[in-house]
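Protein chains in written order, with this note's numbering: chain A, -11 to 181; chain B, 248 to 425.
Glycine included, each C-beta is placed from N, C-alpha and C at the ideal position.
Quick caveat, the model's predicted, so the values are computed rather than measured.
Here's the structure, in structure tokens; my notes come after.
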Amino acid sequence: MMNTIWLLLLVAGVVTAGLTGRVEAVTTGLAAASNDAIQLAIGFIGIMTFWLGLMKIAEKAGLVDLLARIMGPLTRHLLPGVPPGHPAVGAVLTNVAANMLGLGSAATPLGLKAMDELGKLNKGKKTASDAMCTFLVLNTSAVTVIPATVVALRASAGSSNPAEIVGTTLFATLCSTLAALTADRLLRGRQNG
Amino acid sequence: MVEALTLISSWAIPFVVLVVPLVGYLRGVKVYEAFIEGAEDGFKTAVNLIPYLVAILAAIGIFRASGAWEFMLGLISPVTDRVGVPAPVLPLALMRPLSGAGSLGIVADLMTAYGPDSFIGRLASTMQGSTDTTFYILTVYFGSVGVTRPRHAVAAGLIGDLSGIIAAVFITSLVFGS
Chain A
-11 MMNTIWLLLL VAGVVTAGLT GRVEAVTTGL AAASNDAIQL AIGFIGIMTF WLGLMKIAEK
49 AGLVDLLARI MGPLTRHLLP GVPPGHPAVG AVLTNVAANM LGLGSAATPL GLKAMDELGK
109 LNKGKKTASD AMCTFLVLNT SAVTVIPATV VALRASAGSS NPAEIVGTTL FATLCSTLAA
169 LTADRLLRGR QNG
Chain B
248 MVEALTLISS WAIPFVVLVV PLVGYLRGVK VYEAFIEGAE DGFKTAVNLI PYLVAILAAI
308 GIFRASGAWE FMLGLISPVT DRVGVPAPVL PLALMRPLSG AGSLGIVADL MTAYGPDSFI
368 GRLASTMQGS TDTTFYILTV YFGSVGVTRP RHAVAAGLIG DLSGIIAAVF ITSLVFGS
């Protein structure tokens, strides 16, 4: 599926540009976007380094285990094939907690750490495991309790009540997460391997 | 309400930064050494992401710069009009899974054009907050562990995005009225 989408974006882009006589837009567009990708990765380095460092302290202090014990029963249903005491459980939970609070900059490094643990369970294969797919879907559908960025944007745009969309956002995000998890469960069996 | 939210979101990270090392220290963890040990992994992970990020962002960049983006909007809008998605938010609905910065830019544009307290402004806000950037998360999360075959995760993620958009249109109309 990733192959098809990626190819479609490229082919549709180049063909449209050719037909509308703006081929040079392809060249400038790809140069700008590739540069953005590198800027993004460089921005990542600092924040990743910091949060994985802090996470190691939390791990050694037993804080991650504590979180895993409290929320353990939930993850057993969510993450198939992950043994209860595995480091992946704690890592997944710290990511989910950061996401819910809207701590984007902390959520991504913690999520990557969790994916790394799930990857070890998957023995480093190039094909995603069931648990990796479920965890990914949990992140793309993002249960956000505090949509901080949007509230800030509304405030700066002069809204009379910037936070009035918190309730509607929570409803919509719960629907999307539920639908994504259901789809994940239904599609899982049909495409094994 | 807004003050409470701003307070929570501005204090959450400093709180974690204060509490984690403090608890660690009290529990006998060598906090500085532990930090360095964890931090070494962070650098490696970030560098591993580069090929994946370039692949997806360049493809999306070409698609948008070529005019294929506007062409696709023209094709889809008759269908989405029927199911009650207002035309101005259609670009946002389609951009949301592709680019976080791109979709936030569209939300900002819509707020300037229609006002943050208009139906369009509220709907756009709800849509922006209800899902995350599916392709970006997919690229970064799977890229960091070298997974190139995401199986059903792409389809499930997009089904989630679509449900989020439909739910946003439904709940915004119900709560604020169109």
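By Cβ distance, which residues of its chain are closer than 7 Å to residue i, with the 5 residues on each side in sequence left out?
| i | result |
| --- | --- |
| Ala86 of chain A | Ala94, Ala95 and Leu98 |
| Ala226 of chain B | The requested residue 226 of chain B does not occur in the structure, where chain B is confined to residues 248 to 425. |
| Ala415 of chain B | Leu370, Thr373, Met374 and Ser377 |
| Gly347 of chain B | Thr380 and Tyr383 |
| Gly331 of chain B | Val416 |
| Val307 of chain B | At residue 307 of chain B the sequence reads Ile, which differs from the Val that was named. Here the set comprises Leu345 and Ser346. |
| Phe310 of chain B | Trp316 |
Check residue i in the structure and name its three-state DSSP category.
| i | result |
| --- | --- |
| Arg343 of chain B | coil |
| Thr115 of chain A | strand |
| Phe423 of chain B | helix |
| Arg396 of chain B | strand |
| Asn83 of chain A | helix |
| Lys101 of chain A | helix |
| Val133 of chain A | coil |
| Lys277 of chain B | coil |
| Val52 of chain A | helix |
| Gln179 of chain A | Bear in mind that the predicted position of Gln179 of chain A carries a pLDDT of just 48, short of 50, making it too unreliable to give a figure here. |
| Leu296 of chain B | coil |
| Arg369 of chain B | helix |
| Asn(-9) of chain A | helix |
| Ala145 of chain A | coil |
| His74 of chain A | coil |
Give the single residue among the options whose Cα lies nearest to the Cα of residue i.
| i | options | result |
| --- | --- | --- |
| Phe366 of chain B | A:Ala168, A:Ile58, A:Ile153 and A:Thr37 | A:Ile153 |
| Phe290 of chain B | A:Lys101, A:Thr137 and A:Ser164 | A:Lys101 |
| Ala293 of chain B | B:Ile418, B:Val392, B:Ala403 and B:His399 | B:Val392 |
| Gly50 of chain A | B:Ala334, B:Ser372, B:Pro268 and B:Ile406 | B:Pro268 |
| Ala286 of chain B | A:Phe32, A:Lys44, A:Ala20 and A:Gly17 | A:Lys44 |
| Asp104 of chain A | A:Leu7, A:Val131 and A:Pro75 | A:Pro75 |
| Lys24 of chain A | B:Leu300, B:Gly376 and B:Val387 | As written in the sequence, residue 24 of chain A is Asp, which differs from the Lys given in the question. Checked all of B:Leu300, B:Gly376 and B:Val387; the closest Cα to Asp24 of chain A is B:Leu300. |
| Leu351 of chain B | A:Met59, A:Ala140 and A:Gly107 | A:Ala140 |
| Trp258 of chain B | A:Ile134, A:Gly73 and A:Ala143 | A:Ile134 |
| Leu66 of chain A | A:Met120, A:Cys163 and A:Thr137 | A:Met120 |
| Ala21 of chain A | B:Ile303, B:Lys277, B:Glu284 and B:Val278 | B:Ile303 |
| Gly9 of chain A | B:Val354, B:Ser313, B:Val336 and B:Val387 | B:Ser313 |
| Arg398 of chain B | A:Gly107, A:Leu175 and A:Leu162 | A:Leu175 |
| Lys113 of chain A | B:Thr386, B:Arg396 and B:Tyr361 | B:Arg396 |
Whose C-beta lies closer than 6 Å to the C-beta of residue i among residues of the same chain, with five residues either side of it excluded?
| i | result |
| --- | --- |
| Thr170 of chain A | none |
Under 8 Å Cβ to Cβ from residue i, same chain only, skipping five residues before and after it: list those, please.
| i | result |
| --- | --- |
| Ala46 of chain A | Val52 and Thr82 |
| Arg369 of chain B | Pro363, Thr419 and Phe423 |
| Gly407 of chain B | Thr378 and Thr381 |
| Leu(-2) of chain A | none |
| Leu339 of chain B | Ser350, Ile353, Val354, Leu357, Ala371, Met374 and Gln375 |
| Ala168 of chain A | Val125, Leu126, Thr128 and Ser129 |
| Gly69 of chain A | Leu109, Ser117, Asp118 and Ala119 |
Which residues in chain B sit within 9 Å of residue i, going by Cβ to Cβ distance?
| i | result |
| --- | --- |
| Ile26 of chain A | Ile297, Leu300 and Val301 |
| Pro68 of chain A | Neighbours of Pro68 of chain A on chain B: none; closest Cβ ~13 Å, over 9 Å. |
| Lys72 of chain A | Checking the displayed sequence, the identity of residue 72 of chain A turns out to be Pro instead of Lys. Within 9 Å Cβ-Cβ: nothing; Pro72 of chain A doesn't reach chain B, min ~22 Å. |
| Gly146 of chain A | Met358, Gly362, Pro363 and Asp364 |
Would you mind telling me which residues of chain B sit closer than 7 Å to residue i, beta carbon to beta carbon, in chain order?
| i | result |
| --- | --- |
| Asp172 of chain A | His399 and Ala403 |
| Ala0 of chain A | Phe310 and Ala315 |
Against residue i, what residues of chain B qualify as contacts under a CB-to-CB distance less than 8 Å, listed in chain order?
| i | result |
| --- | --- |
| Val138 of chain A | Val354, Ser372, Gln375 and Gly376 |
What residues from chain A crowd round residue i, counting only those whose CB sits closer than 7 Å?
| i | result |
| --- | --- |
| Leu254 of chain B | The contacting residues do not exist; Leu254 of chain B stays about 11 Å from chain A at best. |
| Gly349 of chain B | Result: empty, since nearest Cβ-Cβ is about 11 Å, beyond 7 Å. |
| Ile367 of chain B | By Cβ distance, chain A contributes nothing, its closest Cβ being about 12 Å from Ile367 of chain B, past 7 Å. |
Legend entry - Within 9 Å of chain A by C-beta, residues of the stretch 259 to 276 of chain B in sequence order: Within the stretch 259 to 276 of chain B, the qualifying residues are Ala259, Ile260, Val263, Val264, Val266, Val267, Pro268, Val270, Gly271, Tyr272, Leu273, Arg274, Gly275 and Val276.
Legend entry - Contact set between the stretch 41 to 62 of chain A and chain C, restricted to residues whose Cβ is under 9 Å from the partner: The structure shown has no chain C; the protein chains it does contain are A and B.
Inset, instruction - Identify each residue in the stretch 315 to 344 of chain B for which the Cβ-Cβ distance to at least one residue of chain A is less than 7 Å, and report them in chain order. - result: Against chain A - using a Cβ distance shorter than 7 Å - the residues of the stretch 315 to 344 of chain B are Ala315 and Phe318.
Inset, instruction - Check distances from the C-beta atoms of the stretch 406 to 420 of chain B to those of chain A and list, in chain order, the residues that come in under 7 Å. - result: Per Cβ criterion, the list reads Ile406, Gly407, Asp408, Ser410, Gly411, Ala414, Ala415, Ile418 and Thr419.
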